[in-house]
Amino acid sequence: TTVAHPQNQQHQQMTLLPELDRKNIGFVRLKHKYTHSILWVFNVHLMTTSRDNDRMTYYPGEIRAGELVTVSNLIKHHVNGGGSENLVLTGDWNVDVGDVNVLKGNIPCIDLGKERKKIEDALPSILCIP
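One gets my numbering by counting positions in the sequence shown from 1 and adding 608 to each.
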């Protein structure tokens with residue numbers, strides 16, 4: 609993603625995680641030979657807590673919550689609603705049962721203290737911490 613820094617408007621390459629750290633989703637659309645019913649199979653692998661924690665991000669859980677939004681949008685884009693197509697969703701979620709904030713997308717910010725202003729100034733406007 610190319611973004612412009614709000615203060616100097618110079619374009620720079622900005623990425624949230626190195627390419628090799630990003631997890632993927634695989635999916636396939638199957639059509640039954642005789643009934644023509646559709647079955648979608650999605651398999652996800654969300655980021656691990658070793659890369660999505662309070663030492664690595666300002667909002668621990670934000671990467672996995674964002675990945676869940678991406679998965680949801682991808683499913684909505686491809687799968688025909690209204691019950692005419694079936695869906696199986698599998699994978700390695702890397703989310704504990706009690707980690708409801710990640711599943712709901714309600715990610716609290718860690719206390720940045722005195723570093724907050726320096727961090728905000730260094731981020732492009734689309735990534736600024738609210």
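Where a beta carbon is used, it is the ideal one built from N, C-alpha and C, also for glycine.
Residue V636 holds the alpha-carbon nearest to the alpha-carbon of I646 among N709, V636, V652. In this structure the segment 661 to 670 does not touch the segment 681 to 695; the number of beta carbon pairs closer than 8 Å is below three.
Boundaries of the beta strand (DSSP E) harbouring T698: 693 to 700, taken from the DSSP string.
The beta carbon of L676 is closer than 8 Å to those of L654, V710, L711, G713 in its chain, skipping five residues each way along the sequence. Per DSSP, reduced to three states, the secondary structure at N681 is helical.
Per the C-alpha coordinates, the member of L638, Y642, M664 positioned closest to V649 is L638.
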